[in-house]
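Here the structure is laid out as structure tokens; the discussion comes afterwards.
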DNA sequence: GTCCGGGTGA
DNA sequence: TCACCCGGAC
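Numbering (our numbering), first residue to last: 188 to 433.
Here you go:
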């Protein structure tokens, strides 16, 4: 994998310290995000890995509020279970997950996932998730409906592996900051974060969740709210939109 | 009522 | 490059 081309000069204290500062600021502003487990039931009820994985597929291209409705509907129908999901008619799943958009595609993808786990792992999701990182990632990517971001979310939040998922927010935020070229590839961004962050699944998972919060609430595609941004003084692009012409 | 945002696969 | 789709923002 080619090294990413960085636009910002490396700070004197190094990239690890710079990322640590970014994390601390986001954490102070938005944390803790407590993404998974516990998306559904109140603690101490434990969310199963299928809830997390289904959520990761259902949240593609939609706000979490949409995905959450779909996950809750699946839970209430007793379908957050590999065998039940495998046995359920696709039409039934379509109706339940409608709020998550792309419901026809996603219903088929959920069933394909259940079929795969049934065929290859005896229906035991835990067995699939116990594999070494590279093997599990390749297996996930071979499934329809699981691309790099979804695979990495599953690796981190369901399998507990030290992987930081990238997404459109990561690309937007860090290209606005001036770190990456906007055309930076997924793997290039990820390699940069992985090279300079501790190999800690909790930290990497929380970082991704914090970036999601910033991208969602403040560093929006249009009309970013730079005045409220905790990274304001680290950013090369503060107020480019808001202050244009002033 | 219209538009916007957003991963994946073909 | 485009199809797949919804809820929320305006």
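Heads up, the beta-carbon is just placed ideally off N, CA and C, and yes, glycines get one too.
Nearest-angstrom beta carbon gap, residue j and residue i [assumed within contact, 8 Å]
i: residue 386; j: residue 349; result: 4 Å
i: residue 314; j: residue 308; result: 4 Å
i: residue 296; j: residue 256; result: That pair is no contact at about 18 Å.
i: residue 261; j: residue 284; result: 7 Å
i: residue 323; j: residue 355; result: Rounded, the Cβ-Cβ distance is 24 Å, inconsistent with contact.
i: residue 253; j: residue 200; result: About 41 Å separates the two Cβ atoms, so there is no contact after all.
i: residue 281; j: residue 291; result: 6 Å
i: residue 401; j: residue 391; result: Not a contact, Cβ separation roughly 16 Å.
i: residue 338; j: residue 395; result: Contact doesn't hold; Cβ gap of about 13 Å is too wide.
i: residue 344; j: residue 222; result: 6 Å
Sub-8 Å separation of residue i and residue j beta-carbons
i: residue 333; j: residue 342; result: no
i: residue 420; j: residue 194; result: no
i: residue 406; j: residue 358; result: no
i: residue 378; j: residue 246; result: no
i: residue 410; j: residue 218; result: no
i: residue 312; j: residue 269; result: yes
i: residue 266; j: residue 275; result: yes
i: residue 216; j: residue 417; result: yes
i: residue 397; j: residue 259; result: no
i: residue 294; j: residue 277; result: yes
Per-residue DSSP class, three states only, for residue i
i: residue 399; result: helix
i: residue 421; result: helix
i: residue 342; result: helix
i: residue 193; result: strand
i: residue 331; result: coil
i: residue 279; result: helix
i: residue 232; result: Its pLDDT being 43, under 50, residue 232 is placed unreliably by the model, and nothing is read from it.
i: residue 226; result: Confidence at residue 226 is low in this model, with a pLDDT of 44, below 50, so its placement is unreliable and the value that follows should be read with caution. Note: residue 226 maps to coil in three-state DSSP.
i: residue 314; result: helix
i: residue 409; result: coil
i: residue 319; result: coil
i: residue 384; result: coil
i: residue 258; result: helix
i: residue 249; result: coil
i: residue 389; result: helix
i: residue 175; result: The structure shown does not extend to residue 175, since the chain spans only 188 to 433, so no value can be given for it.
i: residue 209; result: helix
i: residue 351; result: coil
i: residue 358; result: helix
i: residue 267; result: coil
i: residue 372; result: coil
i: residue 221; result: coil
i: residue 242; result: helix
i: residue 199; result: coil
i: residue 288; result: coil
i: residue 431; result: Note that residue 431 scores 39 on pLDDT, short of 50, meaning its location in the model is unreliable; the coordinates nonetheless yield the value given after this. Three-state DSSP puts residue 431 in coil, outside helix and strand.
Per DSSP, the bridge partner or partners of residue i
i: residue 367; result: 193
Below 8 Å, can you find three or more Cβ-Cβ pairs linking the region 412–427 to the region 356–372? The region 412–427 is in contact with the region 356–372.
Flag this pair as touching only if the region 208–219 and the region 234–241 have three or more C-beta atom pairs under 8 Å; answer yes or no. no
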